[in-house]
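Peer 1: Starting off with a structure, shown below.
There are 2 protein chains.
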Amino acid sequence: MLNQVVDRDPAADLDRVFQALADPGRRLMVERLTTGPASVSELGGPLDMSLAAVLQHVHVLEASGLVRSQKLGRTRTCSLNALTLRSAEHWISERRTLVERRLDRLGEYLAETADRPDTDNEPQGEIS
Amino acid sequence: MLNQVVDRDPAADLDRVFQALADPGRRLMVERLTTGPASVSELGGPLDMSLAAVLQHVHVLEASGLVRSQKLGRTRTCSLNALTLRSAEHWISERRTLVERRLDRLGEYLAETADRPDTDNEPQGEIS
DNA sequence: CCGATAGTCAAGCAGTGACTTGACTGTCGG
DNA sequence: CCGACAGTCAAGTCACTGCTTGACTATCGG
Chain G
2 MLNQVVDRDP
12 AADLDRVFQA
22 LADPGRRLMV
32 ERLTTGPASV
42 SELGGPLDMS
52 LAAVLQHVHV
62 LEASGLVRSQ
72 KLGRTRTCSL
82 NALTLRSAEH
92 WISERRTLVE
102 RRLDRLGEYL
112 AETADRPDTD
122 NEPQGEIS
Chain X
2 MLNQVVDRDP
12 AADLDRVFQA
22 LADPGRRLMV
32 ERLTTGPASV
42 SELGGPLDMS
52 LAAVLQHVHV
62 LEASGLVRSQ
72 KLGRTRTCSL
82 NALTLRSAEH
92 WISERRTLVE
102 RRLDRLGEYL
112 AETADRPDTD
122 NEPQGEIS
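Quick look at the structure:
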């Protein structure tokens, strides 16, 4: 009963998280879960599909690590895992800041070369 | 030549962004583009697939709004769009902070009820 | 002008994803 | 104990994805 995280491939991990988020229904479920735990039927309530289909979405979310769930009696209660949400957010923010920093530097460079029309501006590798 | 963003469905928009990021090859391309613009062949360099396949990935990235590109001569130069990266990051961070705040409140509640073992703690709706 | 370069388009195909239905299994409320 | 409830499993369908190959189109470098 302790075969939790056997899978240690960060890339495949992100695959599953982004794939899980790439569906409007599943995002709706995530949204619902931000307000607190919910049963499978509760998650599927607003979704106009069979319960079996909802369950499959829950499986996807669970495989991605975004959602954890446990069964109590005859109902399965699902809850959000903030850590997984964090890791996806982190991947994006890392890349975003990289681009923005580069774009800032480019802006400065352009501003400088516009001010001084004729100084020693050797083309040093690509900047753009 | 000005039929840019005709599509105004924020949900479908996120669909495409997360879908685009849900592929390791495409994430690699994004990663490459954080260091500056690149041609299609450059993006496909480390990828072990035909150029036609790379092009299709570029199309997906472009349709998601993550990448913009323009053709100059015979080469197409692609660049990252930080704004789209931002919007995906924003969606996640909104939800993450929601969960975390709720979890914090829950922690406080539990701590309080643990301190005062027998006060008027009416069960008022679900907290968990 | 010619060959190599860098894409582009269109089929075509195997694999995956998002469902459905139908049969079945445990609870829970009386 | 019985019916309804909440979920689960297994097929099966149908659309979409990620790739390939082959043919074709523009450049670019001499």
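Protein chains in written order, with my numbering: chain G, 2 to 129; chain X, 2 to 129.
In this text, a Cβ means the ideal position worked out from N, Cα and C, and glycines have one as well.
1) Output the residue ranges of the beta strand (DSSP E) runs that lie fully inside the stretch 56-95 of chain X and measure 3 residues or longer, sorted by chain position.
2) If contact means a Cβ-Cβ distance below 8 Å, which residues of the stretch 33-66 of chain X contact chain G?
3) Output the distance between the C-alpha atoms of alanine 12/G and alanine 23/X, rounded to the nearest integer angstrom.
4) Any C-beta of chain X sitting closer than 8 Å to the C-beta of serine 94/G?
5) Helix, strand or coil for alanine 39/G per DSSP?
6) Return helix, strand or coil for alanine 23/G, following the three-state DSSP convention.
7) Per the contact definition of three or more C-beta pairs closer than 8 Å, is the stretch 46-60 of chain X in contact with the stretch 88-108 of chain X?
8) Just by C-beta distance, which residues in the stretch 75-100 of chain G are closer than 7 Å to chain X?
9) If you compare alpha carbons, which of Arg87/G, Glu95/G, Ile93/G, Trp92/G is closest to arginine 96/X?
10) Would you kindly check if the distance between the Cβ of serine 51/G and the Cβ of threonine 76/G is under 8 Å?
11) Any beta carbon of chain X sitting closer than 8 Å to that of aspartate 14/G?
12) Leucine 104/X versus chain G: which residues are under 8 Å apart at the beta carbon?
13) At least one CB of chain X closer than 8 Å to the CB of glutamine 20/G: is that the case?
14) Is DSSP giving aspartate 10/G helix, strand or coil here?
15) Run through DSSP, which three-state label would aspartate 16/X get?
16) Please report the distance separating the alpha-carbon of leucine 15/X from that of methionine 30/X.
17) Return the CA-CA distance between glutamine 20/G and arginine 28/G, expressed in angstroms with no decimal places.
18) Taking buried to mean at least 16 other C-beta atoms within 10 Å of its own C-beta, is glycine 74/G buried or exposed?
19) Assuming asparagine 82/X and leucine 67/X make a contact with CB atoms under 8 Å, what is their CB distance in whole Å?
20) Determine the direct distance from the alpha carbon of cysteine 79/G to that of serine 46/G, and round the result to whole angstroms.
21) Against chain X, does valine 31/G count as a neighbour if the rule is that its beta carbon must be under 8 Å from one of theirs?
22) Kindly indicate if chain X contains any beta-carbon less than 8 Å away from that of arginine 69/G.
23) Could you compute how far the alpha carbon of threonine 35/X sits from the alpha carbon of serine 42/X?
24) So, for valine 18/X: in the same chain, excluding its five sequence neighbours on each side, which residues have a beta-carbon less than 8 Å away from its beta-carbon?
25) Can you tell me whether DSSP reads methionine 50/X as helix, strand or coil?
Peer 2: According to the structure shown:
1) 68-73, 76-81
2) Leu34, Thr35, Thr36, Gly37, Pro38
3) 9 Å
4) yes
5) strand
6) coil
7) no
8) Leu81, Ala83, Leu86, Arg87, Ala89, Glu90, Ile93, Ser94, Arg96, Arg97, Leu99, Val100
9) Arg87/G
10) no
11) no
12) Ala83
13) yes
14) coil
15) helix
16) 19 Å
17) 11 Å
18) exposed
19) 6 Å
20) Sequence inspection shows glycine at residue 46/G; the serine mentioned does not correspond to that position. Approximately 14 Å, taken between the alpha carbons.
21) yes
22) no
23) 16 Å
24) Ser65, Gly66, Leu67, Thr85, Ser88, Ala89
25) coil
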